[in-house]
Amino acid sequence: MPSIATAARALPGTPIKGSTATPVKSILKTASVLGRRKFQHDDAEEPTEPPSSPTKRRKVLFDDIKNVTYELGRRTMDEIKLEVRTAVEDHLHGNDGQYDTIKELFSDDKDAYAPADMDIDENKHHELQAYVVALTGCVSMLKSKECNGLVRHVLQCRWLGRDEAFAKVFMNFLAALVSAQGSYLGTVLDMMVSKFQYTRQPSWGVADFPEVSRDVMRERLHTALRYILQMFPSAISVLESLLSAKFPFPDDSMQIHMAYINNMLRIKDYAPDLKEEILDIIMNRVVKIDAQMQLDLEDLDDDITAAVMFSLQEQTRESRDWEGDMLEDDDDESVDSDDLDLDVEASRIKTVKENVEKMDAVLDTLFEFYTPYFHNPGSDRAFDAFTTILREFDHLVLPTYRSRHTQFLAFHFAQKHERLTDAFCGQLIATAFQSNTPNVLKQAAAAYLASFVARGAGVPKSLVRTIFQLLLLHIEQYRRKYEPICRGPDLSRFHIYYSLMQAALYIFCFRWRDLVDSVPDMVDPEDPASFIGQDIEWLGNSRKDLSVQIFGKLNPLKVCAPGIVEEFATLAHKLNFVYVFPLLENNKRIRLTQYITSTYSTGGALRDAGFDQHDETYHQLDPYFPFDPYQLPVSKRWISNEYLSWQRVPGLNTEEDDDSDIADDDDNDDELDEGTATDSDGDDYD
Numbered sequence: 001m002p003s004i005a006t007a008a009r010a011l012p013g014t015p016i017k018g019s020t021a022t023p024v025k026s027i028l029k030t031a032s033v034l035g036r037r038k039f040q041h042d043d044a045e046e047p048t049e050p051p052s053s054p055t056k057r058r059k060v061l062f063d064d065i066k067n068v069t070y071e072l073g074r075r076t077m078d079e080i081k082l083e084v085r086t087a088v089e090d091h092l093h094g095n096d097g098q099y100d101t102i103k104e105l106f107s108d109d110k111d112a113y114a115p116a117d118m119d120i121d122e123n124k125h126h127e128l129q130a131y132v133v134a135l136t137g138c139v140s141m142l143k144s145k146e147c148n149g150l151v152r153h154v155l156q157c158r159w160l161g162r163d164e165a166f167a168k169v170f171m172n173f174l175a176a177l178v179s180a181q182g183s184y185l186g187t188v189l190d191m192m193v194s195k196f197q198y199t200r201q202p203s204w205g206v207a208d209f210p211e212v213s214r215d216v217m218r219e220r221l222h223t224a225l226r227y228i229l230q231m232f233p234s235a236i237s238v239l240e241s242l243l244s245a246k247f248p249f250p251d252d253s254m255q256i257h258m259a260y261i262n263n264m265l266r267i268k269d270y271a272p273d274l275k276e277e278i279l280d281i282i283m284n285r286v287v288k289i290d291a292q293m294q295l296d297l298e299d300l301d302d303d304i305t306a307a308v309m310f311s312l313q314e315q316t317r318e319s320r321d322w323e324g325d326m327l328e329d330d331d332d333e334s335v336d337s338d339d340l341d342l343d344v345e346a347s348r349i350k351t352v353k354e355n356v357e358k359m360d361a362v363l364d365t366l367f368e369f370y371t372p373y374f375h376n377p378g379s380d381r382a383f384d385a386f387t388t389i390l391r392e393f394d395h396l397v398l399p400t401y402r403s404r405h406t407q408f409l410a411f412h413f414a415q416k417h418e419r420l421t422d423a424f425c426g427q428l429i430a431t432a433f434q435s436n437t438p439n440v441l442k443q444a445a446a447a448y449l450a451s452f453v454a455r456g457a458g459v460p461k462s463l464v465r466t467i468f469q470l471l472l473l474h475i476e477q478y479r480r481k482y483e484p485i486c487r488g489p490d491l492s493r494f495h496i497y498y499s500l501m502q503a504a505l506y507i508f509c510f511r512w513r514d515l516v517d518s519v520p521d522m523v524d525p526e527d528p529a530s531f532i533g534q535d536i537e538w539l540g541n542s543r544k545d546l547s548v549q550i551f552g553k554l555n556p557l558k559v560c561a562p563g564i565v566e567e568f569a570t571l572a573h574k575l576n577f578v579y580v581f582p583l584l585e586n587n588k589r590i591r592l593t594q595y596i597t598s599t600y601s602t603g604g605a606l607r608d609a610g611f612d613q614h615d616e617t618y619h620q621l622d623p624y625f626p627f628d629p630y631q632l633p634v635s636k637r638w639i640s641n642e643y644l645s646w647q648r649v650p651g652l653n654t655e656e657d658d659d660s661d662i663a664d665d666d667d668n669d670d671e672l673d674e675g676t677a678t679d680s681d682g683d684d685y686d
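Here is the structure:
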């Protein structure tokens, strides 16, 4: 059987020199955060006596830190160092033969050294390690741009899948390389961050080496990254830029996204200065996926959407290892042959399902990440963490149209303590009522405020009453300002007024019992139906104040979303709050387009006259309330006890009680085709 012994790599006609060269001393200190860099292996034995003959192979390694020379196969470490230095020097003079051989050695590092039925010489395992040490000794020569090719090949080798000694040697090489040439810092960090997406052992494993687990691989990766950050403080800003630039593409798999995010979150443990930037990067991507996912769901047929959500809910995730769901024989980077046979609709469904899974996994991870900070929700530590959530909500979530699930991070943690609830509502109030805030953000803030107050089970009665009265106060101020110049209901001119009115109506629909001051003794507070037809005293002057708005010239019931208006009208009538059905009948004869100002209807480059032919809903408010039912099957566990579901009360809500009874008989808490609280087409189950 032929020998696998390492042969000297020399140019034709160039003899290998003896071991007369002085070993190059490491440029690193002998002690570092990584410990002493000894390259010892369990199967290697240091010789206790000389070999009996010159040809007997000595299975020994080297200790570069102590500058002691050992032999590797038939060659000493000094000979390998000399070989590498000679190859680099020759390359700089135009002779690339041996230089290319070393490049090829690192390019082929993942391949098996020999067939499976052939014994492997253990020294072959350590050959690449010896070349890494030799390259570390001549990094001053590698800083020349002519050596970029060799450096690139070395950085691409599978250093994470070898033994611990190789990993330490490679870390020393990385540090020495950056020390010698600062321009390599970005290249080294780029190599490390690229490995954040690794989820399967074949991505980092090396043939003929024992299998390295994902946890061990990541421990080595983050040990090296931590070492670089400690040695080079300037690496922090470079790393921050790379983390954003190399974030997985939106169409990458859930497993890749979760591997990258989990690695990013791990950085905060040793680079706390990057904590907020890391969370911002994650949140920015999550919001984009969330908004796109919602648009995709709306484009699908309702039955198909329900089927997608139901199938996801049926999947059990006992361990919730979001990275470990792939089959071992499945290749993420290849195209499944079955995919080629899918029609367009089936492909869309598959994409939507994958995006829903991705959102579910990321949000479940973020909920879990933040939870330890709120063990004592009234503490400063909890408030600081919530401040980060609020900042991201204000900068990323609030301006995003149709974000559907990401905002529930704020919803969940805001209910942990009164201090946090006040902070969240206070920020929304400031945004909704500040004069210098764009109207689109004012509308969004009003919707979030109303939805949080309506849906939050932990929002106290006192806060519901306070927010409702505050809305009525500002609504009245806008009425006095706009009514003198109003010809009729006009969403384009009085947008913020209608947004606040819709918010007030929405809160009334959900929390009307909290707005009651007193009721007759015959009313059972636990039975909503017992309030019907009773003489109820309402909060302050809320009945009068809201009636003034409803019957005013601005006519908000014509502009607010019809579903919300319908539900409010029914409740207000049966609770003796206000009777508005004659007004609604009259509104059916009003065309909103007749009140659009001529400047706006002809557009000023925004809208031409053709748009005046749109359906009336084009000139009415969008019925968007961001805390409508949470549909992600796994992560919904975080808000299950903090969420008020809409439940129709026979005789109290809309007249479609027969249909509601049928739905209630099913008593299916897992129903996922949930409508909004004011959706006249269906109930809101949770």
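Counting with the UniProt record's numbering, you get residues 1 to 686 for the letters of the sequence shown.
Idealized CB from N, CA, C, for every residue including glycine.
Judged by their CB atoms, Ile236 and Leu242 are not nearer to each other than the 8 Å cut-off. With contacts defined by Cβ atoms closer than 8 Å, Tyr630 and Phe452 do not form a contacting pair.
DSSP places Thr76 within a strand segment (E or B) once states are collapsed to three. In the three-state DSSP reduction, Gly205 falls in the coil class, being neither helix nor strand. In the three-state scheme derived from DSSP, where H, G and I count as helix and E and B as strand, Ser244 is classed as helix. The three-state secondary structure of Glu537, taken from DSSP, is strand. When the Cα atoms are used, Ile536 and Asp527 turn out to be separated by approximately 15 Å. In terms of Cβ geometry, Leu546 and Ala504 form a close pair [threshold 8 Å]. The C-beta separation of Ser403 from Val308 comes to about 19 Å, leaving the pair out of contact by the 8 Å criterion. By a beta-carbon distance limit of 8 Å, Arg455 does not contact Tyr227. Their separation comes to about 48 Å. When the alpha-carbon of Ser492 is set against those of Phe468, Gly563 and Tyr618, the nearest one is in Tyr618. If you check the CB distance, Leu128 and Leu155 do not come in under 8 Å.
For a cut-off of 8 Å, the C-beta gap from Val362 to Ile261 is around 6 Å, short enough to register as a contact.
Taking C-alpha positions only, Asp296 is separated from Val352 by approximately 7 Å. Within the DSSP secondary-structure output, Ser518 pairs in a beta bridge with Glu537. Sixteen is the threshold: since fewer than 16 other Cβ atoms of the shown chains lie within 10 Å of the Cβ of Pro250, the residue is exposed. Assignment of Tyr618 by DSSP, reduced to helix, strand and coil, places it in the helix class.
A distance of 8 Å or more separates the beta carbons of Ile475 and Leu449. Taking a C-beta distance under 8 Å as the contact criterion, Phe468 and Leu539 qualify as a contact pair. Under the DSSP assignment, Pro562 falls in the alpha helix (DSSP H) whose first and last residues are Pro562 to Lys574. Looking at the DSSP output, Gly456 bridges to Tyr643. Here His395 is exposed, its C-beta having fewer than 16 other C-beta atoms within 10 Å. Between Met293 and Asn355 the beta-carbon gap is near 4 Å, inside 8 Å, which marks them as a contact. DSSP places Tyr482 within a helical segment (H, G or I) once states are collapsed to three. Rounded to the nearest angstrom, the gap between the Cα atoms of Tyr497 and Leu621 is 11 Å. Annotation for Leu500: Ala432, Ala446, Leu471, His474, Ile475 and Tyr478 place their beta carbon closer than 8 Å to its own, counting only its chain and skipping 5 residues before and after. If you compare the alpha carbons of Phe625, Gln201 and Ile485 with that of Lys553, the shortest gap goes to Ile485. Separation of the CB atoms of Ala569 and Val580 is rounded to 5 Å, and the pair is thereby assigned contact status at 8 Å. According to the DSSP assignment, Ser499 belongs to the alpha helix (DSSP H) that extends over His495 to Arg511. Minimum Cα-Cα distance from Arg348 among the listed residues Phe367, Tyr370 and Leu300 corresponds to Leu300.
Under the DSSP assignment, Ile590 falls outside any alpha helix (DSSP H); it carries neither an H nor an E label. The beta carbons of Pro626 and Asp360 sit about 18 Å from each other, so the pair does not count as a contact at 8 Å.
In this structure, Ile564 lies near Pro623, with their beta-carbon atoms less than 8 Å apart.
By the Cβ-count criterion, Val344 is exposed, with fewer than 16 other Cβ atoms from all chains shown falling within 10 Å of its own Cβ. Our two residues, Pro233 and Asn284, have alpha carbons roughly 26 Å apart in a direct line.
Boundaries of the alpha helix (DSSP H) harbouring Cys425: Glu418 to Phe433, taken from the DSSP string.
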